[in-house]
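Numbering (full-length UniProt numbering), first residue to last: 1 to 211.
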């Protein structure tokens with residue numbers, strides 16, 4: 001376990017801004033790929049599972065660690081076992097996570113999601129429909145703007161406060177750098193970031209204190 005700075009009063013466990021659930025065969029080269037690019041350019045962190053890892057386990061971890069879940073609902077979304085598993089995890093996380101999981105549905109198949117029983121299981125969600133009246137570019141712009149608002153809301157809530165942030169099972173050092181370098185002025189004096197990881201090499205270069 002590693003630590004940077006010291007002494008907590010509150011806790012935050014989100015280390016990703018967005019988890020995107022989609023069928024790669026349908027939308028990775030179109031709206032999903034363009035959305036990932038736009039989010040990244042806006043310095044919004046998008047969860048990516050490790051290649052070769054247990055995908056379901058990694059997906060559940062990514063969903064539970066994200067503030068926003070985006071479902072790109074394509075025609076064959078529910079035909080994919082991975083998408084079905086991710087959908088179930090999103091439903092479960094909305095019910096059980098301490099921090100509210102915000103859900104966005106991007107409908108690219110033309111089918112009214114309000115008529116789909118699966119989506120009735122959510123407490124609520126934002127619905128964007130790709131059709132002649134709303135272009136892909138417009139949807140991406142609105143989703144990025146909404147996510148940035150959510151991230152800014154988090155900053156306002158913790159800015160200047162003494163906090164405890166837990167990054168459990170860290171696998172990407174950029175997740176830590178976003179907090180320590182880009183947003184270090186968010187946190188009040190005495191704040192602490194606690195990190196657990198199976199890859200000690202990621203943290204040696206950051207000169208963190210082992211506890």
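C-beta atoms are modelled at their ideal positions from N, C-alpha and C, and glycine is treated no differently.
Check, Outcome
"Cut-off 7 Å between Cβ atoms - residues of its own chain near residue 129, not counting five sequence neighbours on either side", "107"
"For residue 140 and residue 34, the rounded distance between their alpha carbons", "8 Å"
"Identity of the residue in 31, 200, 96 nearest residue 109 by Cα", "31"
"Three-way DSSP call (helix, strand, coil) for residue 113 in this model", "helix"
"Alpha-carbon spacing of residue 16 relative to residue 115, whole angstroms", "31 Å"
"Euclidean distance between Cα positions of residue 82 and residue 62", "14 Å"
"Burial state of residue 200, where buried means 16 or more other Cβ atoms lie within 10 Å", "exposed"
"Nearest-angstrom Cβ-Cβ length linking residue 42 and residue 148, presumed shorter than 8 Å", "6 Å"
"Beta-bridge partners of residue 21, as assigned by DSSP", "71"
"From 64, 71, 100, 193, residue whose alpha carbon lies closest to that of residue 118", "71"
"Identity of the residue in 22, 18, 162 nearest residue 192 by Cα", "162"
"Environment of residue 94 [buried if 16+ CB atoms lie within 10 Å]", "buried"
"Of the residues 92, 73, 29, the one placed nearest residue 59, counting alpha carbons only", "92"
"Residue 76 burial status per 10 Å Cβ neighbour count (16 or more: buried)", "exposed"
"Per-residue DSSP class, three states only, for residue 44", "coil"
"Cβ pair residue 102, residue 67 closer than 8 Å", "yes"
"Status (buried if at least 16 other CB within 10 Å, exposed otherwise) for residue 53", "Reliability fails at residue 53, whose pLDDT of 47 lies under 50, so the model's placement of it is uncertain and the value that follows must be treated cautiously. Classification for residue 53: exposed."
"Chain-order list of residues whose beta-carbon lies under 8 Å from that of residue 18 (same chain, five-residue window excluded)", "39, 44, 45, 46, 47, 66, 67, 68, 69, 70, 147"
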